[in-house]
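Read through the structure below, which is laid out as structure tokens, and then see the notes.
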Amino acid sequence: MTTPTATGALLSAHDLHKTYGSTPALAGADFQIHAGEVVAVMGPSGSGKSTLLHCLAGIVPPDSGTVRYKDRDLSAMADAGRSALRRSEFGFVFQFGQLVPELTCTENVALPLRLVGVHRKEANARAREWLERLEVDDVHDHRPGQVSGGQGQRVAIARALVGNPGVIFADEPTGALDSLNGERVMELLTDAARDTRAAVVLVTHESRVAAYSDREVVVRDGKARDMAGVG
Amino acid sequence: MSISHTLLGLLESGPRHGYDLKRAFDERFGHDRPLHYGQVYSTMSRLLKNGLIEVDGVEAGGGPERKRYAITDAGVTDVAEWLARPEKPEPYLQSVLYTKVVLALLTERDAAELLDTQRAEHLRLMRDLTRRKKDGDLADQLICDHALFHLEADLRWLELTAARLDKLAKEVRR
Ligand SMILES: Nc1ncnc2c1ncn2[C@@H]1O[C@H](COP(=O)(O)OP(=O)(O)OP(=O)(O)O)[C@@H](O)[C@H]1O
Ligand SMILES: [Mg+2]
Numbered sequence: 010m011t012t013p014t015a016t017g018a019l020l021s022a023h024d025l026h027k028t029y030g031s032t033p034a035l036a037g038a039d040f041q042i043h044a045g046e047v048v049a050v051m052g053p054s055g056s057g058k059s060t061l062l063h064c065l066a067g068i069v070p071p072d073s074g075t076v077r078y079k080d081r082d083l084s085a086m087a088d089a090g091r092s093a094l095r096r097s098e099f100g101f102v103f104q105f106g107q108l109v110p111e112l113t114c115t116e117n118v119a120l121p122l123r124l125v126g127v128h129r130k131e132a133n134a135r136a137r138e139w140l141e142r143l144e145v146d147d148v149h150d151h152r153p154g155q156v157s158g159g160q161g162q163r164v165a166i167a168r169a170l171v172g173n174p175g176v177i178f179a180d181e182p183t184g185a186l187d188s189l190n191g192e193r194v195m196e197l198l199t200d201a202a203r204d205t206r207a208a209v210v211l212v213t214h215e216s217r218v219a220a221y222s223d224r225e226v227v228v229r230d231g232k233a234r235d236m237a238g239v240g
Numbered sequence: 040m041s042i043s044h045t046l047l048g049l050l051e052s053g054p055r056h057g058y059d060l061k062r063a064f065d066e067r068f069g070h071d072r073p074l075h076y077g078q079v080y081s082t083m084s085r086l087l088k089n090g091l092i093e094v095d096g097v098e099a100g101g102g103p104e105r106k107r108y109a110i111t112d113a114g115v116t117d118v119a120e121w122l123a124r125p126e127k128p129e130p131y132l133q134s135v136l137y138t139k140v141v142l143a144l145l146t147e148r149d150a151a152e153l154l155d156t157q158r159a160e161h162l163r164l165m166r167d168l169t170r171r172k173k174d175g176d177l178a179d180q181l182i183c184d185h186a187l188f189h190l191e192a193d194l195r196w197l198e199l200t201a202a203r204l205d206k207l208a209k210e211v212r213r
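Chains as they are written, first to last, in this note's numbering: chain A, 10 to 240; chain B, 40 to 213.
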């Protein structure tokens, strides 16, 4: 079966439905994003933003509808295949609690590379480059418990970027930061993504954060509306 | 705020006499600044001349306040265009946006669409400012930030209003 994918989209979803118990979280959501593009996903609390992100990233399978990444149909893949795809092609940044507390910042950033078989020395060297780029190399040998929220978030972004992913999924990445730190983090994230041609799916309820995107999509009642052509 | 569009919009919900129109305006939108009769009649004569309203009846006794006005098809189109056109984002927009939302609800138009259109317009300007801030010096950054925080406040109001639209519709149409 062919799915209606917009030409050239890197990642696209069509007619996604997802219900938790009797709660419809997604009810016919469409979405697409191109390489190098930053798309903000906005909308009221509980409207289905995180659920959409989880379906797009293959973390949660939708009840119906399709998700395509490049030429692959995620909805037709088994769990193991989707996990492998996530490890090699996607990067993730969440609001908190994502760094492994027992590892140093360098080891945390190197982790995605180690998981796909890169040797320790090489992985650590690449991790240090990203820590430097995100202005947190001075804490490279600290553990997550010994850095500030803003520093931890930059480390998490370095980890999302280190494997040169096709898509970065960020769910409220600045939610725990003050304005100045939040904006610097957004600047670093969007600059790095544009340089590496990674697409960024950015869930946020803050308009000043969304202003770093190329366009926004508003999720309401489980449906996603592309605002690019509105007005 | 456009008084003539507001009066025209009020007429769309039904023909009214001049005094009735003034009262409706003052009740809904004129809390701190009621209209003068003079403003109502000069506006009515301009709208008549432009074919946006017509005189629908005159009560015995004469005098301009005895005329009953009704909106024309051209007037309805004019209201529709005004409501659909986003306002240029700037601080202290609330009163005109509030007026547009109430009128859209009164005339059974899609108020959610109006809010979405405005929201998109605000974010477009916020994107421009964010880009300018990135390329500018510290002074540019501070000036852009000031504008961005104000626009953010507007946007939060737009979102909150969107979430309360059903409730507002009930009150307005009561
Ligand atoms: N794992 C789950 N189990 C049960 N219900 C869930 C689950 N995840 C989400 N939901 C429900 O699905 C709906 C959408 O949730 P979702 O987390 O996608 O919203 P959101 O837009 O991300 O909200 P927020 O802005 O508050 O993060 C909500 O009603 C939520 O309670
Ligand atoms: Mg969420």
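Note that the Cβ used here is the ideal one computed from N, Cα and C, for glycine as well. These numbers were taken from a predicted model, which means no experiment stands behind them.
Is the Cβ-Cβ distance between residue i and residue j less than 8 Å?
| i | j | result |
| --- | --- | --- |
| Gly1 of chain A | Leu19 of chain A | Lying before the first or after the last residue shown, residue 1 of chain A is absent from chain A, which here runs from 10 to 240. |
| Val118 of chain A | Ala136 of chain A | yes |
| Phe99 of chain A | Ala233 of chain A | no |
| Lys61 of chain B | Leu50 of chain B | no |
| Phe105 of chain A | Asp180 of chain A | no |
| Ile92 of chain B | Thr111 of chain B | yes |
| Trp139 of chain A | Val109 of chain A | no |
| Leu62 of chain A | Val50 of chain A | yes |
| Gly67 of chain A | Arg95 of chain A | yes |
| Ala143 of chain B | Leu136 of chain B | no |
| Gly231 of chain A | Ala36 of chain A | yes |
| Arg107 of chain B | Val94 of chain B | yes |
| Gln162 of chain A | Val194 of chain A | yes |
| Val211 of chain B | Val141 of chain B | yes |
Give a single yes or no on whether residue i has its beta carbon closer than 7 Å to a heavy atom of ligand 1.
| i | result |
| --- | --- |
| Ser54 of chain A | yes |
| Trp59 of chain A | Checking the displayed sequence, the identity of residue 59 of chain A turns out to be Ser instead of Trp. Yes, ligand 1 has a heavy atom inside 7 Å of this Cβ. |
| Val226 of chain A | no |
| Tyr108 of chain B | no |
| Tyr29 of chain A | yes |
| Ala34 of chain A | yes |
Quick check: is any heavy atom of ligand 2 less than 7 Å from the C-beta of residue i?
| i | result |
| --- | --- |
| Lys212 of chain A | Note on identity: in this sequence residue 212 of chain A is Val, with Lys being the wrong assignment. It does: the Cβ of Val212 of chain A is within 7 Å (strictly closer) of some heavy atom of ligand 2. |
| Asp180 of chain A | yes |
Less than 8 Å between CB atoms is the rule here; does residue i satisfy it with respect to chain A?
| i | result |
| --- | --- |
| Met165 of chain B | yes |
| Asp149 of chain B | no |
| Thr45 of chain B | no |
| Pro125 of chain B | yes |
| Glu120 of chain B | no |
| Ala202 of chain B | yes |
| Leu153 of chain B | no |
| Leu136 of chain B | no |
| Glu191 of chain B | yes |
| Lys139 of chain B | no |
| Lys173 of chain B | yes |
| Leu194 of chain B | yes |
| Leu187 of chain B | yes |
With a threshold of 8 Å between beta-carbons, can residue i be considered close to chain B, or not?
| i | result |
| --- | --- |
| Glu196 of chain A | yes |
| Glu225 of chain A | yes |
| Tyr239 of chain A | Reading off the sequence, residue 239 of chain A comes out as Val, not Tyr. By this cut-off, Val239 of chain A is an interface position. |
| Glu144 of chain A | no |
| Pro53 of chain A | yes |
| Arg221 of chain A | A small correction: the amino acid at residue 221 of chain A is Tyr; Arg does not occupy that position in the sequence shown. Interface residue, yes. |
| Arg163 of chain A | no |
| Arg217 of chain A | yes |
| Met244 of chain A | Chain A is shown only over 10 to 240; residue 244 of chain A falls outside these bounds and no answer can be derived. |
Need the endpoints of the alpha helix (DSSP H) that residue i sits in, please.
| i | result |
| --- | --- |
| Gln41 of chain A | Not the alpha helix (DSSP H): Gln41 of chain A falls in the beta strand (DSSP E), residues Thr32 to Ile42. |
| Leu20 of chain A | From DSSP, Leu20 of chain A is part of no alpha helix (DSSP H) but of the beta strand (DSSP E) over Leu20 to Tyr29. |
| Lys172 of chain B | Ala150 to Asp174 |
| Phe178 of chain A | Element bounds for Phe178 of chain A: not the alpha helix (DSSP H) but the beta strand (DSSP E), Val176 to Asp180. |
| Glu83 of chain B | The sequence shown places Met at residue 83 of chain B, rather than the Glu named in the question. Run containing Met83 of chain B: Tyr76 to Lys88, per the alpha helix (DSSP H) assignment. |
Start and end of the beta strand (DSSP E) containing residue i?
| i | result |
| --- | --- |
| Tyr78 of chain A | Ser73 to Tyr78 |
| Met195 of chain A | No beta strand (DSSP E) holds Met195 of chain A; the alpha helix (DSSP H) holding it covers Ser188 to Thr205. |
| Val227 of chain A | Arg224 to Arg229 |
| Ala113 of chain B | Unbroken run through Ala113 of chain B is the alpha helix (DSSP H), Asp112 to Ala123; no beta strand (DSSP E). |
| Glu129 of chain B | Here Glu129 of chain B belongs to no beta strand (DSSP E), and DSSP marks it neither H nor E. |
| Phe101 of chain A | Phe99 to Val102 |
| Ala192 of chain B | Not the beta strand (DSSP E): Ala192 of chain B falls in the alpha helix (DSSP H), residues Leu177 to Ala202. |
| Glu93 of chain B | Ile92 to Val97 |
Interface residues of chain C around residue i at Cβ under 7 Å?
| i | result |
| --- | --- |
| Glu160 of chain B | Among the chains of the structure shown, chain C does not appear; the protein chains present are A and B. |
Cβ contact (3+ pairs, closer than 8 Å) linking the stretch 163-181 of chain A and the stretch 133-143 of chain A: yes
Given 8 Å, three or more beta-carbon pairs between the stretch 202-213 of chain A and the stretch 72-87 of chain B: The stretch 202-213 of chain A vs the stretch 72-87 of chain B: no contact.
Segment contact, 8 Å Cβ cut-off, at least three pairs: the stretch 41-52 of chain B with the stretch 81-90 of chain A: no
The stretch 181-195 of chain B touching the stretch 215-225 of chain A, judged by at least three CB pairs closer than 8 Å: yes
Segment contact, 8 Å Cβ cut-off, at least three pairs: the stretch 66-80 of chain B with the stretch 146-165 of chain B: no
Touch test, the stretch 64-74 of chain A against the stretch 109-126 of chain A, Cβ-Cβ under 8 Å, three pairs minimum: no
Meets three-Cβ-pair contact criterion under 8 Å: the stretch 130-144 of chain B and the stretch 167-180 of chain B: Too few Cβ pairs lie closer than 8 Å, so no.
Contact between the stretch 22-31 of chain A and the stretch 189-201 of chain A (3+ Cβ pairs under 8 Å): In this structure the stretch 22-31 of chain A does not touch the stretch 189-201 of chain A; the number of beta carbon pairs closer than 8 Å is below three.
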